[in-house]
Amino acid sequence: MARIKTQERVMKPRNKLNNNQLNNKKDANKTKLPIFNSVITAVCIAIAAWFSFKGYLETRVNTPYEIEKLVTMNGLDVPDRYWGTYRPNVYFGMKTRDPHSLVTGLMWYSPQHLRLDGGGLRHWCEQGDQLDRYGWLEHDGRTFGIQEIVDSSVILTTTFVKRLSGQYGGDWTNKISVNSKDSKKLEQEISLLFYIAIEENTKGWIEVNSDNDDNLTGMSGNTQGLGSFNINIHVTKGTIEEHSFLSTTAPSLTALTETVFKNLRRASYKKSNKKHIVLSGEQLSLLPDGTKEKPNFIVTQVTGKVPFEIEINYESESFTNRLDKLSNDIYDQELLKQRKLFDDKFEKIFKLKSKGYSNEEISFAKMAFSNMIGSIGYFYGSSQVQSTHTKGPVPYWKAPLYTAVPSRSFFPRGFLWDEGFHGLLISAWDLEIELDIISHWFDLMNIEGWIPREMILGPEALAKVPDEFVTQMNTNANPPTFFLTLHYILEHKQEELLDKHYHLLDKLYPRLQAWFNWFNTTQIGELPSTYRWRGRDPDTNRELNPKTLTSGLDDYPRASHPNIYERHVDLRCWIAFAANVMSRITEVLNHSNNKYKETFDYLSDNNLLNKLHWSFNTQTYSDFGLHTDKVVLMRPNSQSNVKPSEMIRVVFDDPTLRYVDSSFGYVSLFPFILQIIHPNSPHLEKVLQDLTDPDLLWTKYGLRSLAKTSPLYMKYNTEHDPPYWRGAIWINLNYLTVRAAHYYSKTEGPYQSKAKKVYDDLRHNIIQNVMQQYKYSGYVWENYRDTLGSGKGSHPFTGWTSLVVLLMAEIY
């Protein structure tokens, strides 16, 4: 018992507080409570701030650059370019520069060649159609165009002329004539299908005009952008066998061909007792209330015997004092007048006659130029973008884009780095059009200063893009080639720029600053003054050399194992070139602080350039990175009863940090191409020597992209990806090389004469080969084989390959 009491006495003081202790504890709790509440509040604020900041980061990728828009005049504000051939993806079609427009188009087929699967019905520009040739022979970008399409023995000529009048962009007329290059094929039947359609969300209606016998005589309609209009269609030459039409609803512009095909039927033609394929008349679906749905697609089909011609007249009802219709002889006279104006302007700018070119060569140049400016499209919609802060792709804001396209058949959409090359030719012809294009592109800049590499706007553009290329990453750049265009404008058009467009240049300047700063902060390397293209996949085991799509040179060999220590010589030169152009614009606008001049001087320091990128091993400019040449594609061993696995990359030697000097090619030339090398530098002599070496880059057709001595020359990058920038001849980089040789041939230095020889020979080789291949194949091509000079890749590729016109004109 005593022991229990003792324990109680010992334990009680531990659980019992005297009055002073109790009061002290209460006071302490009173003090701790506000502190605890403050901590909780701070934590909540921090959490809220974090989620707010996270949301801010997520939305930056699709938040527009917050400054006054460059495009302030669009649609009817630009009446002479309101209507145009702004559907480069189809063989012939027109639309307006409205977000939601009436569109027109042409289809055709030969009845004996029409297949059950829809093959033989021509509409969208498709390489699979295997046409002998198609493209604009003349086009001025504003008022008229003449196109020739050769489909086997059939020759279709499509022309248009516009005439300003009224309030809604005026009138226009199309003529479509059908002939044969084979006299034995005259009298064969061809069906032409001309249509109008309303894009989704277009406010308005269209309907058929018909006579008492239900024969279509024309079309009419009313839209918000056009007001009321009428379209009349009539035959001007030849014998017509059958005339039918379809008025219906199509699910989208991408389904017009399918809609036509499923509504074709065979019908007897009484006079000849023959079977003809005709459109099956009105096919409108019923709405729930029993009324017919209004049509959004009207097609008229004319089947005639070759030769014949139809004429389509579009007339705006806003013009009431029309004395002479743009039809028949009046149309022919107006077309002749526009052609004469085009010829005179073409010679004034390019001076090809005075340089001694033949009529055939000048016709080729007109074709190449006209396809560039005639392939300008007008797109509207929203791109798909992603950043490291978003869980997946998110939509960009809806916006318009007025831009040329690289290839009507394969790339009928906007490409950022292509457009800088396009601008060289377009600005030589029409500075206003080019500044309009630049303005549209720079209005697509987000708050970070980033512009997506590809702009895929609208259903027609999206239909041509594989899923893997749709989403644009905001970490990924593309060569800032608009600085090439701006450099050209400052060199050749500065007076016109300052007289007529100074205000636009002043508005553009902050966006150019943001764009330059984005490059100069997001694409920097680990060492000062170094730069690295983002977007390479360091984990792939499928690619022989991980692609660098962001550089524009796709599969051109870089370091075999991408990592943060890479440094890319071409990107460094692009930034230096851009800094120089920014410096000149700063001076033109009379800004006092010219930090860009300092940046250019720093990046063009040849000693620093040589320290970072000159390989003493090969005496060439090179990339630097974690690299080995001992890589191959191999198929893993598998059991005989199992489907063979896809080939993967196997590395036979550990990579080391080193110069990638085994891959001599276009990238190695960039200090020369962008004129960073000092004219007195002995490295210039070595570059000139190397690029003229037939075992390296020189061919009689132009410079190949990768030396024959490179381990990856003409190697597949995956089992299914053929070589792209691994030996083929590309005209854009050849143009820049000729331009650089011209510069060094005109600049005092010890290597002037060598540069002049390179200039003369390379320019001649490129021009002759591109013209010869056009004459042989009917097309200008995406690139050319280094062995035979023959065209390869997509065609027609009337984007930067059309720079051959500037080479002929010696405009740099």
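Residue numbers (numbering that gives the first Met the number 0): 0 to 811. All C-beta atoms in this analysis are idealised placements derived from N, C-alpha and C, irrespective of residue type, glycine included. Since this is a predicted model, take the numbers as computed values, not measurements.
Check Ala41 in the structure and name its three-state DSSP category.
-> Within the sequence shown, the letter at position 42 stands for residue 41. Helix at Ala41.
Express the C-alpha separation of Ser176 and Tyr133 in angstroms, rounding to a whole number.
-> The count along the sequence shown starts at 1 and reaches residue 133 at position 134. The count along the sequence shown starts at 1 and reaches residue 176 at position 177. If I take the Cα positions, the gap works out to 14 Å.
Residue from Glu57, Asn36, Val38 whose Cα sits closest to the Cα of Met472 = What you label residue 472 is simply residue 473 of the sequence shown in a count that begins at 1. Ranking the options by Cα distance to Met472, first place goes to Glu57.
Trp171, buried or exposed, once every other Cβ within 10 Å from all chains shown has been counted against 16 | Residue 171 sits at position 172 when you count from the first residue of the sequence shown. So Trp171 ends up on the buried side.
Within this structure, are the beta carbons of Ile584 and Leu690 separated by less than 8 Å?
-> Looking up residue 584 in the sequence shown gives position 585. Looking up residue 690 in the sequence shown gives position 691. No; because the gap between Cβ atoms is not below 8 Å, this pair is not in contact.
Would you decide whether Val404 is buried or exposed? Buried here means 16 or more other CB atoms lie within 10 Å of its CB.
-> Taking the sequence shown and counting its residues from 1, one reaches residue 404 at position 405. That one is buried.
Between the C-alpha atoms of Ser789 and Ile730, what's the straight-line distance to the nearest angstrom?
-> Here residue 789 is taken as the residue at index 790 of the sequence shown, counted from 1. Here residue 730 is taken as the residue at index 731 of the sequence shown, counted from 1. About 13 Å.
Where does Ile309 sit, in a helix, a strand or coil, going by DSSP?
-> Locating residue 309 in the sequence shown gives position 310, where the first residue counts as 1. Strand.
Is it right to say Phe669 is buried, meaning 16 or more other beta carbons lie within 10 angstroms of its own, or is it exposed?
-> The count along the sequence shown starts at 1 and reaches residue 669 at position 670. Label assigned to Phe669: buried.
Within 10 angstroms of its Cβ, does Arg531 collect 16 or more other Cβ (buried), or is it exposed?
-> Along the sequence shown, read from residue 1 onward, the residue named residue 531 stands at position 532. With 16 or more other Cβ atoms within 10 Å, it is buried.
Nearest residue (CA-CA) to Glu314, options Phe244, Leu325, Ala727 = The sequence position of residue 314 within the sequence shown is 315, counting from 1. It is Leu325 whose Cα lies nearest to the Cα of Glu314.
How should Ser353 be labelled, buried or exposed, when 16 other C-beta atoms within 10 angstroms of its C-beta is the threshold for buried?
-> Start at 1 with the first residue of the sequence shown, and residue 353 comes out as number 354. It is exposed - the Cβ of Ser353 has fewer than 16 other Cβ atoms within 10 Å.
Between the region 381-395 and the region 451-463, are three or more C-beta pairs nearer than 8 Å?
-> yes
Based on the DSSP secondary-structure assignment, which residues constitute the bridge partners of Lys851?
-> Because residue 851 is not part of the residues shown, which for the chain are 0 to 811, the question remains open.
Among Leu155, Arg738, Asp116, Tyr501, nearest to Asp131 - alpha-carbon criterion = Reading the sequence shown from its first residue, position 132 is the one you call residue 131. The shortest C-alpha to C-alpha distance from Asp131 to any of Leu155, Arg738, Asp116, Tyr501 is the one to Leu155.
Status (buried if at least 16 other CB within 10 Å, exposed otherwise) for Ser357 = Position 358 of the sequence shown, counted from the start, is the residue given in the question as residue 357. Answer is exposed; the Cβ neighbour count stays below 16.
Note down, in chain order, each residue of its chain lying with its Cβ closer than 6 Å to the Cβ of Ala1, except the 5 sequence neighbours on either side.
-> Numbered from its first residue, the sequence shown carries residue 1 at position 2. Annotation note: pLDDT 38 at Ala1 (below 50); position unreliable, no value reported.
Answer yes or no: do Ile239 and Phe307 have a C-beta to C-beta separation smaller than 8 Å?
-> The count along the sequence shown starts at 1 and reaches residue 239 at position 240. The count along the sequence shown starts at 1 and reaches residue 307 at position 308. In contact: Ile239 and Phe307 (Cβ atoms closer than 8 Å).
Could you say which of Tyr90, Lys629, Thr290, Leu443 lies nearest to Ile66 if we only look at CA atoms?
-> Sequence index remark: in the sequence shown, residue 66 carries index 67 (1-based). Answer by Cα proximity: Leu443.
Are Thr402 and Ile375 touching if we call contact CB-CB under 8 Å?
-> The count along the sequence shown starts at 1 and reaches residue 402 at position 403. The count along the sequence shown starts at 1 and reaches residue 375 at position 376. Contact: yes.
Hey, how far is the Cα of Thr157 from the Cα of Asp652?
-> As a first step, residue 157 is located in the sequence shown; it is residue number 158 there, counting from the start. As a first step, residue 652 is located in the sequence shown; it is residue number 653 there, counting from the start. The straight-line gap from Cα to Cα measures roughly 60 Å.
What number of angstroms, rounded off, separates the C-alpha of Glu188 from the C-alpha of Gly237?
-> Start at 1 with the first residue of the sequence shown, and residue 188 comes out as number 189. Start at 1 with the first residue of the sequence shown, and residue 237 comes out as number 238. Each residue's Cα considered, the two are about 11 Å apart.
Considering only the beta carbon of each residue, do Cys712 and Pro721 sit closer than 8 Å?
-> As a first step, residue 712 is located in the sequence shown; it is residue number 713 there, counting from the start. As a first step, residue 721 is located in the sequence shown; it is residue number 722 there, counting from the start. According to the sequence shown, residue 712 is Tyr rather than Cys. For Tyr712 and Pro721, no; Cβs fall outside 8 Å.
Residue span of the alpha helix (DSSP H) that contains Thr157, given as start and end | Taking the first residue of the sequence shown as 1, we reach residue 157 at position 158. Run containing Thr157: none in the alpha helix (DSSP H); it sits in the beta strand (DSSP E), 153-162.
Within this structure, are the beta carbons of Thr797 and Leu761 separated by less than 8 Å?
-> Looking up residue 797 in the sequence shown gives position 798. Looking up residue 761 in the sequence shown gives position 762. No, these two residues do not count as a Cβ contact at 8 Å.
Can His794 and Tyr778 be called in contact, C-beta distance under 8 Å?
-> On the sequence shown, residue 794 is found 795 positions in, with the first residue counted as 1. On the sequence shown, residue 778 is found 779 positions in, with the first residue counted as 1. Yes, Cβ-Cβ distance for His794 and Tyr778 is below 8 Å.
Grouping DSSP H, G and I as helix and E and B as strand, with all else coil, what is Trp107?
-> Against the sequence shown, residue 107 aligns to sequence position 108. Assignment of Trp107 by DSSP, reduced to helix, strand and coil, places it in the strand class.
Which value, in whole angstroms, describes the spacing of the CA atoms of Met633 and Val587?
-> For this step, residue 633 is matched to residue 634 along the sequence shown. For this step, residue 587 is matched to residue 588 along the sequence shown. Whole-angstrom Cα-Cα distance: 57 Å.
Kindly indicate the opening and closing residues of the alpha helix (DSSP H) around Ala196.
-> Here residue 196 is taken as the residue at index 197 of the sequence shown, counted from 1. Not the alpha helix (DSSP H): Ala196 falls in the beta strand (DSSP E), residues 188-197.
Leu325: CB within 7 Å of a non-hydrogen atom of the ligand PLP = Of the ligands one can find in the structure shown there are none, so the ligand PLP has no counterpart to examine.
Extent of the continuous beta strand (DSSP E) run through Pro399 = On the sequence shown, position 400 is the one that residue 399 refers to. Segment 398-402, the beta strand (DSSP E) holding Pro399.
Top-ranked residue by Cα proximity to Gly119, from Thr617, Glu257, Lys707 | In the sequence shown, the residue the question calls residue 119 occupies position 120. Selected option, being the one with the closest Cα: Glu257.
Run of the alpha helix (DSSP H) containing Trp428, from where it starts to where it stops = To locate residue 428, count along the sequence shown from 1; it is residue 429. Counting along the chain, the alpha helix (DSSP H) containing Trp428 begins and ends at 415-428.
For Thr627, which option in Glu186, Val149, Tyr658 has the closest C-alpha, if you only look at C-alpha atoms?
-> The residue given as residue 627 occupies position 628 in the sequence shown. Put simply, of Glu186, Val149, Tyr658 the residue whose alpha carbon is nearest the alpha carbon of Thr627 is Tyr658.
Taking the alpha-carbon positions, what's the His500 to Pro509 distance?
-> In the sequence shown, counting from the first residue as 1, residue 500 sits at position 501. In the sequence shown, counting from the first residue as 1, residue 509 sits at position 510. Roughly 16 Å separates the two Cα atoms.
So who's on the other strand from Trp171, going by DSSP bridges?
-> For the purposes of this step, residue 171 is taken as the residue at position 172 of the sequence shown. Paired residue(s): Lys161, Tyr313.
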